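Q:
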Amino acid sequence: MEPSPKQIASRRVWIGHGILMIVSGLIGGFLASFFIVGGVEIWPGHIIELSFPGTEKGWLAAHTGPIMNGLMVILLAIGITYLDRADADVLWTGWVVTASGWANVGFYFFANFTPNRGTSFGANRIGGANIFSTLALGPPAVTNPVAVWSLSRLGYAAIVNGKKRKQSQE
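Numbering-wise, the numbering used here comes out as the position in the sequence shown, counting from 1, plus 121.
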């Protein structure tokens, strides 16, 4: 079964979202280097000092995490249309994973602005909570379980359909 025009158009949009997630990770890389150096080097040896909240590990995660989420969305966009699924199933899963990717991108950045690193809505042993705790954790707390469920369904269906197709060819 060939992908429908809706699936093909959505695939292009999801790839665009994935690319923008990667761009946000590259921006996170700049911010990580500014955090590590303690500012922006405008000329060798001349640094404009800047103070950033967060940790080195947190800013490095704001670099690598969005890149991985972008790659996840791009990979899904490329592969999902080959699984012979109905438009509704493909579109739902694609948009849920895209929303999850953006929620995770937000987590990586917002976690640097809260003492508890976005690990809970309230204070915990890591530190206190603030609005950035909710901004970091809220969206992924909603989208990630739905994405896990949607991807699990899709993966299971792909395996079952693959086995059926293999058996019919024998």
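All C-beta atoms, glycine included, are put in the ideal place defined by N, C-alpha and C.
Values in this document were obtained by computation on a predicted structure and should not be read as measured data.
Let's test the definition: count the other Cβ atoms within 10 Å of the Cβ of residue 151 and tell me whether it reaches 16, buried, or not, exposed.
A: With fewer than 16 Cβ atoms within 10 Å of its Cβ, residue 151 is classed as exposed.
Q: Does residue 160 come out as helix, strand or coil in the three-state DSSP assignment?
A: Three-state result, residue 160: strand.
Q: Keeping to the same chain, check which residues put their C-beta closer than 7 Å to that of residue 169; ignore five residues upstream and five downstream.
A: Contacts found: 160, 161, 163.
Q: Within 10 angstroms of the Cβ of residue 122, are there 16 or more other Cβ atoms? Answer buried if so, exposed if not.
A: So residue 122 ends up on the exposed side.
Q: Quick one: is residue 235 buried, meaning 16 or more other Cβ sit within 10 Å of its Cβ, or exposed?
A: It counts as buried.
Q: Could you pull out every residue in the same chain whose Cβ sits closer than 8 Å to the Cβ of residue 147, ignoring the five residues on either side in sequence?
A: Excluding residues within five positions, the ones whose Cβ falls inside 8 Å are 184, 188.
Q: If residue 135 sits next to residue 198, beta carbons under 8 Å apart, how far is it from one beta carbon to the other, in whole angstroms?
A: Yes, residue 135 and residue 198 are in contact; Cβ-Cβ is about 4 Å, under 8 Å.
Q: Give me, in chain order, the residues of the same chain whose beta-carbon lies closer than 6 Å to that of residue 127; leave out the 5 immediate sequence neighbours on both sides.
A: Cβ neighbours of residue 127 beyond the five flanking positions: 208.
Q: Would you report the Cα separation of residue 239 and residue 180, rounded to the nearest angstrom?
A: When rounded, the distance between both Cα atoms is 13 Å.
Q: Quick one, which of 228, 230, 190, 250 has its alpha-carbon nearest residue 237's?
A: Considering only alpha carbons, the answer is 250.
Q: Taking the C-alpha atoms as reference points, what is the distance between residue 218 and residue 140?
A: Computed Cα separation, rounded: 14 Å.
Q: Relative to the C-alpha of residue 171, which residue among 153, 220, 130 is closest?
A: Checked all of 153, 220, 130; the closest Cα to residue 171 is 153.
Q: Per DSSP, which one or two residues make a beta bridge with residue 167?
A: Paired residue(s): 164.
Q: Which of helix, strand or coil does DSSP assign to residue 244?
A: Residue state, collapsed to three classes: coil.
Q: Using only alpha-carbon positions, find the residue among 280, 242, 224 that is nearest to residue 268.
A: Per the Cα distances, 224.
Q: What is the rounded straight-line gap between the Cα of residue 201 and the Cα of residue 254?
A: Using only the alpha carbons, I get a separation of about 33 Å.
Q: Could you tell me the boundaries of the alpha helix (DSSP H) in which residue 229 lies?
A: Residue 229 -> alpha helix (DSSP H) spans 208-231.
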